[in-house]
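Going letter by letter, the sequence shown gives residues 287 to 331 in my numbering.
Cβ coordinates follow ideal geometry from the N, Cα and C atoms, glycine included.
For clarity, every value in this text was computed on a predicted model and none was experimentally measured.
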Amino acid sequence: MDKLEVELAMIAWAIALSIILGALGDFAINLAIAYAITKKANHKD
């Protein structure tokens with residue numbers, strides 16, 4: 287592998303990681319929202 291191939295591989299990995307982390311972030315936010323909603327629904331004083 288020459289220098290260009292290494293750089294392209296690094297960029298590809300960085301893009302893949304950012305997509306995966308972005309998806310996980312969205313999932314975590316949705317979970318937090320759902321948790322907050324269910325907690326509110328359960329606290330009908």
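| Query | Result |
| --- | --- |
| Spatial distance of Leu-317 from Glu-293 (CA atoms) | 36 Å |
| Alpha carbon of Ile-305 to alpha carbon of Ala-298, nearest angstrom | 11 Å |
| For Ala-330, the three-state DSSP class (helix, strand or coil) | Reading the sequence as shown, one finds Lys at residue 330 and not Ala. In this structure, Lys-330 counts as coil in the three-state DSSP scheme. |
| DSSP-derived helix/strand/coil call for Asp-288 | coil |
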